[in-house]
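J.: The opening residue of the sequence shown carries number 3 in the numbering used here; numbering runs sequentially from there.
Glycine included, each C-beta is placed from N, C-alpha and C at the ideal position.
The structure is given below, and queries will be raised subsequently.
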Amino acid sequence: MWKMSLAALVAACGGPGASAEEPAKVDFVRDVQPLFKAHCTSCHGSKQQKNGFRLDRRRDALRGGVANQVAPGNSEASHLYFRLVGDRDGLQMPPEGSLRPEQIKVIKAWIDQGAVWPDEASGETPAPPADPKATRLMVLVREGDRTAFRSFLKEHPRAAKLQGPGGSTPLMFAALYGDAESVRLLLEAGADANTRNEAGATALMWAVNDLDKTRVLIRSGADVNARSDDGRTPLLIAATWPGSFSVIKLLLDHKANPSQVVNTYKGPMTPLRLAAEAGDEAVLRLLIDRKADAKAMGGTLPLVAAMNMNDPGCVSLTLQAADRAALRGSGIFLVPPFGSPSALRDTKAVKAFFDAGADVAAKDPAGRTLLMLAICSDDVSVETLEMLIRLGADVNVTTKDGKTALDFARQTGRKPVVDLLVKSGAKPGRNPVPPTVPPKPAASARAAVERSLPLLQRADVTFVKKSGCVSCHNNSLTAMTVAAARQAGIPVDEKIARSQRNETGLYLEAWRERVLQGMGVPGDSNTVNYLLVGLAAEGYPADPATDAMATYLKNDQMPDGRWRLLGNRPPLESSEFEVAALTMRALQIYAPKALRADYEKSVWRAADWLRSAKPKSTADRTGQILGLTWAGDSKESLKKLATSLVAEQREDGGWSQLPSMASDAFATGQVLTALHLSGTVSTSDPAYHRGVKYLLSTQLEDGSWHVRSRAIPFQPYFEGGFPHAHDQWISAAATNWAVMALIPATK
3 MWKMSLAALV
13 AACGGPGASA
23 EEPAKVDFVR
33 DVQPLFKAHC
43 TSCHGSKQQK
53 NGFRLDRRRD
63 ALRGGVANQV
73 APGNSEASHL
83 YFRLVGDRDG
93 LQMPPEGSLR
103 PEQIKVIKAW
113 IDQGAVWPDE
123 ASGETPAPPA
133 DPKATRLMVL
143 VREGDRTAFR
153 SFLKEHPRAA
163 KLQGPGGSTP
173 LMFAALYGDA
183 ESVRLLLEAG
193 ADANTRNEAG
203 ATALMWAVND
213 LDKTRVLIRS
223 GADVNARSDD
233 GRTPLLIAAT
243 WPGSFSVIKL
253 LLDHKANPSQ
263 VVNTYKGPMT
273 PLRLAAEAGD
283 EAVLRLLIDR
293 KADAKAMGGT
303 LPLVAAMNMN
313 DPGCVSLTLQ
323 AADRAALRGS
333 GIFLVPPFGS
343 PSALRDTKAV
353 KAFFDAGADV
363 AAKDPAGRTL
373 LMLAICSDDV
383 SVETLEMLIR
393 LGADVNVTTK
403 DGKTALDFAR
413 QTGRKPVVDL
423 LVKSGAKPGR
433 NPVPPTVPPK
443 PAASARAAVE
453 RSLPLLQRAD
463 VTFVKKSGCV
473 SCHNNSLTAM
483 TVAAARQAGI
493 PVDEKIARSQ
503 RNETGLYLEA
513 WRERVLQGMG
523 VPGDSNTVNY
533 LLVGLAAEGY
543 PADPATDAMA
553 TYLKNDQMPD
563 GRWRLLGNRP
573 PLESSEFEVA
583 ALTMRALQIY
593 APKALRADYE
603 KSVWRAADWL
613 RSAKPKSTAD
623 RTGQILGLTW
633 AGDSKESLKK
643 LATSLVAEQR
653 EDGGWSQLPS
663 MASDAFATGQ
673 VLTALHLSGT
683 VSTSDPAYHR
693 GVKYLLSTQL
703 EDGSWHVRSR
713 AIPFQPYFEG
723 GFPHAHDQWI
733 SAAATNWAVM
743 ALIPATK
């Protein structure tokens, strides 16, 4: 999932020399690389990487997670292509003038032909072979075998100075998996604290979640301002994690630069912005006291981050530095899909934000206003919407496709919001109701499942192939569905299942180095948790890539035990309860062996938060009961949660995402699955039986369930192999939940 993708889109530039005719087969060296070298790599090359994107080196341009910037084999999903041909997703590139049509055709053909980039033009230096003794030390540290580690190091002290796979060192693995003592022993054996691996990372970068290890490395001369190939420094990484005050103070005490900037797919990142994103007022104040440049880039990025965290202290600290002119268009980043649903909770902070210069009439590239986007969030109150209207938000602006604020409000049926808009003079726009396909119920639960599985597995393959990334809706949920079907004795395509499991593993490996530097897979914890839980369902063994993802999840936990909800993609990414439940499950399964005791503490903190927090939506309630089931709560307490869920069942047998909406397969499938996994409601229970009957009655002949999307789209549209066009992703997720709910009823 791509967060704040407008800030992440690539720039490409053109020049003379391309053929007027689209070649049958594009040669990268002859036809494409000259354009990149002459006109693009000054901004997207070795010296700078605007928006975290490079076009001078293959492994950076095409690596997992940014692959749909290029999207090999599928220009219809390529941000690069769309930025060249128009301004649908932001300013057309290059900004000084567009490419000639024949040049765009060459790049489009190159993408569609698979973006072939030969080895000899890759710009990469082959890695030296890994030293076997250094590798052995690294394995022992990762396994947590301290006795064997000390013995081997004593026998082979020179191995401490050597490099293992990927250029990483035993010292780096000790920083990641070991304790301060293992770090000290390696340094005493001659390990260099500043050795870099292939990604340019150092041991200190991997150690900054631990004060003791950080202190040992700094005392041994570790460079506190070292930069990786992705531009990350120890301070930038430490500032990413909530609760890092002591480590950050130590880095600053040793002359770490508090005003560092790195370009990422989310836009420029600074320690101040990262601290605000973590909601850490103490760190923010410390950085300002140490002369961090609070007015860099107009001072808007830390302020927007503080607003998104709904942290009054951070807002107060950053508001005073924000430039009025720079703040003008930034309000759009307080609402989905670019902001967090919590950004508009505090009406006083919202008013201060707009009084400081933000334009309440700001629009996104599709012409959607701040008011429209706020309406699409389940978490924005009527009082906040009323205030936006008082501040001047126009209720009758139309989007490029003719929709008004009233049309968006009617999608969720929230009557108080609709009433407010009508009272304020809002009129409906051009919002035709698409035709519906009549359902075709299967004869039994098993027949319904068998009809859906081939469709889900085909779409699983197509989505990854076309998008270049792994999703929760088409991939991780399908892995869970396939695993449940297999366990119930229902045939699945095992060849596809194995291939997709491996694809996800490769995707995580492509992100491993970046994740260890605090750069999350797009969607951060909200996506990583799904990826790991999906892999676990398919029995994927722990490896260094899953270790890195688990490390990221643990480091990203808030002090109160929850994880940040980054956006609002209802209903799939709209619940802190769901994020907490899936993340704690991922930590239970993939906690690194050497650190399992520490990870158990994180799991219990998450469980404590789930017990005390108050759910509002169906997704909240299902997340709560799933999380506490995995935490091992008593049957009595789980039964209470189940009773409240069952009480929300509609007369038609289904459940709805919100009280104001009709029943659908997403909510119904998710509830039934949670009730079954918790062991609180059997398949013979009348409530479960009614839910199954609802799902059977609403399935379509092709095996899918159709659920209307209410999330704001921000990625280029493409056919991902599942029916229902612009509703395909949420319908794929709904179909997975529905099938998982039906599988227990087949027995």
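Any idea if P273 is buried or exposed, counting beta-carbon neighbours within 10 angstroms, 16 or more meaning buried?
T.: Here residue 273 refers to the residue found at position 271 of the sequence shown. It counts as buried.
J.: Please classify N504 as buried or exposed, where buried requires at least 16 other C-beta atoms within 10 Å of its C-beta.
T.: On the sequence shown, position 502 is the one that residue 504 refers to. With fewer than 16 Cβ atoms within 10 Å of its Cβ, N504 is classed as exposed.
J.: So, under 8 angstroms CB-CB, T480 and N196 are touching, yes? Tell me the CB distance rounded to an integer number of Å.
T.: Looking up residue 480 in the sequence shown gives position 478. Looking up residue 196 in the sequence shown gives position 194. T480 to N196, Cβ: 44 angstroms. No contact.
J.: With distance defined between alpha-carbon atoms, name the residue in Q262, G315, M663, D313 nearest to R292.
T.: Here the question's residue 292 lines up with position 290 in the sequence shown. Just measuring C-alpha positions, the residue of Q262, G315, M663, D313 sitting nearest R292 is Q262.
J.: Quick check on this structure: which residue in S658, S636, Q502, C471 has the alpha carbon closest to the alpha carbon of A79?
T.: Numbered from its first residue, the sequence shown carries residue 79 at position 77. Looking at the Cα atoms, C471 is the closest of the given residues.
J.: Cβ atoms of R416 and S100: under 8 angstroms apart, would you say?
T.: Counted from its first residue, the sequence shown places residue 100 at position 98. Counted from its first residue, the sequence shown places residue 416 at position 414. Their beta carbons are not under 8 angstroms apart, which means S100 does not touch R416 by this criterion.
J.: Going by the CB atoms, is the gap between A461 and G693 shorter than 8 angstroms?
T.: Taking the first residue of the sequence shown as position 1, residue 693 is located at position 691. Taking the first residue of the sequence shown as position 1, residue 461 is located at position 459. Cβ distance not < 8 angstroms, so G693 and A461 don't count as in contact.
J.: Please classify E24: does DSSP put it in a helix, a strand, or coil?
T.: The residue given as residue 24 occupies position 22 in the sequence shown. Caution applies to E24, whose pLDDT of 49 falls short of 50 and renders its modelled position unreliable; the value that the coordinates give is listed next. Here E24 sits in coil by DSSP.
J.: Answer with buried or exposed for H728, where buried requires no fewer than 16 other C-beta atoms within 10 angstroms of its C-beta.
T.: Here residue 728 refers to the residue found at position 726 of the sequence shown. H728 comes out exposed.
J.: In this structure, does DSSP put W565 in helix, strand or coil?
T.: Walking along the sequence shown from the start, residue 565 turns up at place 563. Note: W565 maps to coil in three-state DSSP.
J.: At 4 residues or longer, what runs of the alpha helix (DSSP H) sit wholly inside the segment 111–158?
T.: If only uninterrupted alpha helix (DSSP H) runs of at least 4 residues are considered, those enclosed by the segment 111–158 are 134–145, 148–157.
J.: Measure the alpha-carbon distance for Y509 versus S426 and round it to whole angstroms.
T.: For the purposes of this step, residue 509 is identified with residue 507 of the sequence shown, where counting begins at 1. For the purposes of this step, residue 426 is identified with residue 424 of the sequence shown, where counting begins at 1. Their Cα atoms are separated by approximately 49 angstroms.
J.: With the cut-off set at 8 angstroms, would you say R750 and E122 are in Cβ contact?
T.: Only positions 3 to 749 of the chain appear in this structure, which leaves residue 750 out of reach.
J.: Using CA coordinates, which residue listed in R186, L188, S170 is at the minimum distance from G202?
T.: Residue 202 sits at position 200 when you count from the first residue of the sequence shown. Minimum Cα distance to G202 is reached at S170.
J.: With three or more beta-carbon pairs closer than 8 angstroms as the criterion, would you say the segment 567–584 touches the segment 617–624?
T.: yes
J.: Spell out the partners DSSP gives N265 in its beta bridges.
T.: To locate residue 265, count along the sequence shown from 1; it is residue 263. BP columns for N265 point to P270.
J.: According to DSSP, what are the bridge partners of D666?
T.: Position 664 of the sequence shown, counted from the first residue, corresponds to residue 666. D666 pairs with W657.
J.: By how many angstroms is the C-alpha of L375 removed from the C-alpha of D558?
T.: By 1-based counting over the sequence shown, the position of residue 558 is 556. By 1-based counting over the sequence shown, the position of residue 375 is 373. Looking at the two C-alpha atoms, the distance is approximately 27 angstroms.
J.: Excluding the 5 residues flanking A20 on each side, which residues of the same chain have their C-beta closer than 6 angstroms to its C-beta?
T.: As a position in the sequence shown, residue 20 is number 18, starting the count at 1. A caution first: A20 carries a pLDDT of 37, below 50, which makes its placement in the model too unreliable to give a value.
J.: Enumerate in chain order the residues of its own chain whose CB-to-CB distance from T371 is below 6 angstroms, with the five nearest sequence positions on each side excluded.
T.: Here the question's residue 371 lines up with position 369 in the sequence shown. Same-chain partners within the cutoff: K365, V399.
J.: Alpha carbon to alpha carbon, how far is S478 from L597? Give it in angstroms, no decimals.
T.: Here residue 597 refers to the residue found at position 595 of the sequence shown. Here residue 478 refers to the residue found at position 476 of the sequence shown. So the two alpha carbons sit approximately 26 angstroms from each other.
J.: Could you tell me the boundaries of the alpha helix (DSSP H) in which A727 lies?
T.: To locate residue 727, count along the sequence shown from 1; it is residue 725. It is not in any alpha helix (DSSP H) - A727 carries neither H nor E in the DSSP assignment.
J.: Suppose you measure from the CA of G634 to the CA of N259; what does that come to, to the nearest Å?
T.: The residue labelled residue 634 in the question sits at position 632 within the sequence shown. The residue labelled residue 259 in the question sits at position 257 within the sequence shown. Using only the alpha carbons, I get a separation of about 45 angstroms.
J.: According to DSSP, simplified to helix, strand and coil, what is E98?
T.: Here residue 98 refers to the residue found at position 96 of the sequence shown. E98: coil per DSSP, three-state reduction.
J.: Among residues of its own chain, excluding the 5 on either side of G245, which ones have a beta-carbon nearer than 6 angstroms to its beta-carbon?
T.: Locating residue 245 in the sequence shown gives position 243, where the first residue counts as 1. So the qualifying residues of the chain are P561.
J.: Taking all protein chains shown into account, decide if G656 is buried (16 or more other Cβ within 10 angstroms of its Cβ) or exposed.
T.: Residue 656 sits at position 654 when you count from the first residue of the sequence shown. When all chains shown are included, G656 counts as buried.
J.: Checking 8 angstroms against the spacing of the C-beta atoms, do L187 and P236 come in under that value?
T.: In the sequence shown, residue 187 corresponds to position 185, counting from 1. In the sequence shown, residue 236 corresponds to position 234, counting from 1. Their beta carbons are not under 8 angstroms apart, which means L187 does not touch P236 by this criterion.
J.: Note the first and the last residue of the continuous alpha helix (DSSP H) segment covering K257.
T.: Counting from one through the sequence shown, the residue named residue 257 turns up at place 255. Run containing K257: none; DSSP gives neither H nor E here.
J.: What are the residues that DSSP puts in a beta bridge with T371?
T.: On the sequence shown, residue 371 is found 369 positions in, with the first residue counted as 1. For T371, the beta-bridge partners assigned by DSSP are K365.
J.: Within 10 Å of its beta-carbon, does A428 have 16 or more other beta-carbons around it, so buried, or fewer, so exposed?
T.: Residue mapping note: residue 428 aligns to position 426 of the sequence shown, counting from 1. Answer is buried; the Cβ neighbour count reaches 16.
J.: Ordered along the chain, which non-local residues of its own chain (more than five positions away) have a Cβ less than 6 angstroms from that of D549?
T.: What you label residue 549 is simply residue 547 of the sequence shown in a count that begins at 1. Excluding residues within five positions, the ones whose Cβ falls inside 6 angstroms are P594.
J.: If you measure between the beta carbons of V210 and R234, is that distance less than 8 angstroms?
T.: For the purposes of this step, residue 210 is taken as residue 208 along the sequence shown, with counting starting at 1. For the purposes of this step, residue 234 is taken as residue 232 along the sequence shown, with counting starting at 1. Cβ atoms of V210 and R234: not closer than 8 angstroms.
J.: Where L189 and H158 are concerned, what is the direct C-alpha to C-alpha distance, given to the nearest angstrom?
T.: Mapped onto the sequence shown, residue 189 falls at position 187. Mapped onto the sequence shown, residue 158 falls at position 156. When rounded, the distance between both Cα atoms is 14 angstroms.
J.: Are C316 and A278 closer than 8 angstroms when you measure CB to CB?
T.: Translated into the one-based positions of the sequence shown, residue 316 becomes position 314. Translated into the one-based positions of the sequence shown, residue 278 becomes position 276. For C316 and A278, yes; Cβs fall inside 8 angstroms.
J.: In angstroms, rounded to a whole number, what distance separates the CA positions of T43 and D232?
T.: The residue labelled residue 43 in the question sits at position 41 within the sequence shown. The residue labelled residue 232 in the question sits at position 230 within the sequence shown. Taking the straight line from one Cα to the other gives about 15 angstroms.
J.: Can you tell me whether L37 sits near the ligand NAP, meaning its C-beta is under 7 angstroms from at least one heavy atom of the ligand?
T.: As far as ligands go, the structure on display features none, and thus does not contain the ligand NAP.
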